[in-house]
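Numbering (this note's numbering), first residue to last: 4 to 260.
This is the structure in structure tokens:
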């Protein structure tokens, strides 16, 4: 018993560490690896399996896992919307400043303090590095950040504009349009896909609640469910339900990258 209690304590500590580690990285990197749904799923399966058996472990793991991944997709989609809107705002300010500034660096120095959201700190660092290491090197560092593909395109456009010395205002105008379109796409995905994923989690939870409620009100049903045949049928049903839910969740997760 002490060994099981120690194992449970270690599992809880590992789950909390993974959750806090992901939360700490959330504001620095959008679209990075997320491990806390796996930790929560494993912890729920361990506790339920220890208390009620393998079928309960599978049921708890499936339901908690589906709910956790739905929450993770919704959170990361919201972060993607915030980052895309921040990049779009910065690109719009930079395109406007490009029309009245003599050089790209002048436009950046004026636009960076006006940026808000996740990209604000990155834009300020971009400007400082333009003065210290040059526009091209600073653009390469900016492009490797976590603000998305449009931010990388913006960095490339700034580097090309600084190197060409010619008509660079139209280039930033095109980037402004691309950034606005990317932000609109992120908002559309979040509104019509990510924001509706809690319904999938609710369906999984309601299905499990109905199955358990039916077994609890009937001693014969509970005896069958906890027997060998009921365990096998339950695990098969859980596996099928998890596979059905995995397809939309995986597709939604990939779209938030």
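All C-beta atoms in this analysis are idealised placements derived from N, C-alpha and C, irrespective of residue type, glycine included.
Check whether residue i and residue j have beta carbons under 7 Å apart
i           : j           : result
residue 77  : residue 200 : yes
residue 115 : residue 98  : no
residue 240 : residue 66  : no
residue 100 : residue 172 : no
residue 155 : residue 146 : yes
residue 133 : residue 108 : yes
residue 52  : residue 60  : yes
residue 218 : residue 225 : yes
residue 255 : residue 196 : yes
residue 211 : residue 62  : yes
Proximity to residue i [Cα-Cα], best of the options
i           : options            : result
residue 45  : 93, 138, 68        : 68
residue 191 : 55, 84, 135        : 84
residue 106 : 147, 175, 188, 182 : 175
residue 160 : 118, 187, 111      : 111
residue 120 : 247, 137, 81, 184  : 81
residue 92  : 183, 109, 59       : 183
residue 177 : 60, 86, 95         : 95
residue 205 : 52, 117, 53, 71    : 71
residue 258 : 212, 75, 129       : 75
Fully enclosed by the stretch 164-252, which alpha helix (DSSP H) runs are 4 residues long or longer?
172-195, 200-219, 222-229
Give, in chain order, every unbroken run of the beta strand (DSSP E) that is at least 3 residues long and sits entirely within the stretch 44-110.
If only complete runs of 3 or more residues are kept, the stretch 44-110 shows no beta strand (DSSP E) anywhere.
Quick check for students: name the residue ranges of the alpha helix (DSSP H) that lie wholly in the stretch 122-159, counting only runs of 4 or more.
122-135, 138-146
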